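Student:
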Amino acid sequence: MIKAVVFDLSGVIWKRRPFNKDFFLLLSKTVSMHPKTVKAKYRLVVSQLQTGKLTLNQWLRSTFNLKRSDINTFNQNLETLFISHYEKNFYPKSIPLLRLLRANHITVGCLTNTEDFLAKLLIKAGFFCNFDFKVISSKVGYRKPNQKIYKKIFKIGNWKPDQVLYIDDHKANIESVRKLGVHGIKFKSYKKLASQLDILIFHILIPVLVFLFSPSSVYAQCPVCIITVGGGMILAQKLGVDDLLASIWIAGLNTAIAFYLATKIKKPRINPYLLAALTNSLTIIYFFATNQIVPGVNQVLGIDKILLGQFLGFFVVSLSYLTDRFIRSKNGGKVLFYYQRVILPVSYLLLTSLLINLFLL
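Each residue of the sequence shown is one higher than the last, beginning at 1 in the working numbering.
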């Protein structure tokens, strides 16, 4: 079971290339050299910068003979440049994914080859607040693909290698970490990453994918719940369960579908409860059209079993969603247990079915 997911920074969470381009332009103006020349000189020392053996200020003094006042001015301009890039350089789906993993009690870390000056700017901006821990090459003295930097992860948490997943956009880094027994994913896109996380972490297809690629909504309901509710309905029918109980599960399935569809429809914005009511109404019309509902037949408490089941299924699943929202509002937006959105509606339906079977059937 995966307990910790560790992300590379550049090329996975934050786009560094646009920042680098402007960084070298600023540096070239400061030292009065062509950007390509400055970049070539920087590449000669990047390993030292990223392992903390050399600072940017030391390099500026030794290579370009800059005065302290010039270096201070450069650093001020660099911070302004960084601020202009910071928020817009995030991959759009990166922060929602980090929040999803943390909400499901997965420890999230960042392991990066980053120079000290950039690490300080990221810390000041609050970047690492999105993670539970960080491993920065310029702080620990090693950089990827050196396996010593990956071993720092195990000193932070009491995890076994196969309980850790590392995500990076460079093949060499992934190959290195895999030799330690750590799961490695080479990042290509968030769409592909979502499906890979579904298999490795959630062990079922769809939940992360839907979370990342459907509109955010307080009513969001993943297809896992739909599949689970549907499975319960099929099982009930195969066991020869009474029509009232089967109808409850059918309505629960319809309600779950309606809540999911409500998050997918952008325009016009649809109230999920109204959509669920419409879905169940269409189901009732179908039951009438196929003579599965016959007035005066198959009743309990003077009400048709299928009609009563449709109402109860809609009510119970809607109540479970409200419960999920209440729990999250009281718990800082986090769930209390894994698969909360799956377990709550299924538990409510099972409890309702049990009570009805005991007292009405």
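We put the beta carbon where it would ideally sit given N, CA and C, even for glycine. As the structure is a computational prediction, the values presented were derived from the model and not from experiment.
1. DSSP state of F211, grouped into three classes?
2. Which of helix, strand or coil does DSSP assign to F154?
3. So, helix, strand or coil for F24, using DSSP?
4. Within this structure, are the beta carbons of A119 and K139 separated by less than 8 Å?
5. Using DSSP's beta-bridge definition, name the partner residues of F133.
6. Bridge partners for Y166 per DSSP, in chain order?
7. Given this structure, state the Cα-to-Cα distance separating L166 from Y338, to the nearest angstrom.
8. Residue range of the alpha helix (DSSP H) that L301 falls in?
9. With DSSP as the reference, label K124 as helix, strand or coil.
10. Quick check: what's the CA-CA separation for F24 versus I106?
11. Measure the beta-carbon distance from I149 to V135 and round it to whole angstroms, keeping in mind my assumption that it falls under 8 Å.
12. Distance, Cα to Cα, L358 vs N130?
13. Let me make sure I understand the geometry here. Which of P268, F314, K53 has the alpha-carbon closest to that of A277?
14. Mapping the DSSP letters down to three states, classify W59 as helix, strand or coil.
15. Within its chain, find whatever has a CB closer than 6 Å to the CB of K191; leave out the 5 residues flanking it on each side and keep chain order.
16. Looking at L60 and I71, is the spacing between their C-beta atoms short of 8 Å?
17. Distance, Cα to Cα, Q310 vs T279?
18. Would you report the Cα separation of N298 and Y321, rounded to the nearest angstrom?
19. Of all the options L56, T323, G332, which has the alpha carbon lying nearest to the alpha carbon of I343?
20. So which of N57, D116, F74 has the shortest CA-CA distance to T30?
21. Is the CB-CB distance between I201 and I2 below 8 Å?
22. Compute the Euclidean distance between the alpha carbons of E115 and K334, then round it to the nearest angstrom.
23. Contact check, A262 vs L253 under 8 Å by CB: the rounded distance?
24. How long is the line joining the alpha carbons of A256 and K152, rounded to whole angstroms?
25. Figure out for me which residue from S47, V108, K41, L351 has the closest Cα to the Cα of D8.
26. Output yes or no for whether 8 Å exceeds the beta carbon distance between L97 and V6.
27. So, is L360 buried or exposed, given that buried needs 16 or more other C-beta atoms within 10 angstroms?
28. What does DSSP give as the partner residues of W14 in its beta bridges?
29. Go ahead and pull the three-state DSSP assignment for D324.
30. Since G141 and G52 should fall inside the 8 Å C-beta cutoff, what is the C-beta to C-beta distance between them, to a whole number of angstroms?
Tutor: Per the coordinate set shown:
1. In this predicted model, F211 has a pLDDT of only 45, less than 50, meaning its place in the structure is not dependable; the value taken from the coordinates is given anyway. In this structure, F211 counts as helix in the three-state DSSP scheme.
2. helix
3. helix
4. yes
5. G109
6. V6, G184
7. The question names Leu, yet the displayed sequence has Tyr at residue 166. C-alpha separation (whole angstroms): 21 Å.
8. Where L301 is concerned, there is no enclosing alpha helix (DSSP H), given that its DSSP letter is neither H nor E.
9. helix
10. 37 Å
11. 6 Å
12. 49 Å
13. F314
14. helix
15. none
16. yes
17. 10 Å
18. 30 Å
19. T323
20. F74
21. yes
22. 33 Å
23. 15 Å between Cβ atoms; not a contact.
24. 43 Å
25. V108
26. no
27. exposed
28. S10, F90
29. helix
30. 6 Å
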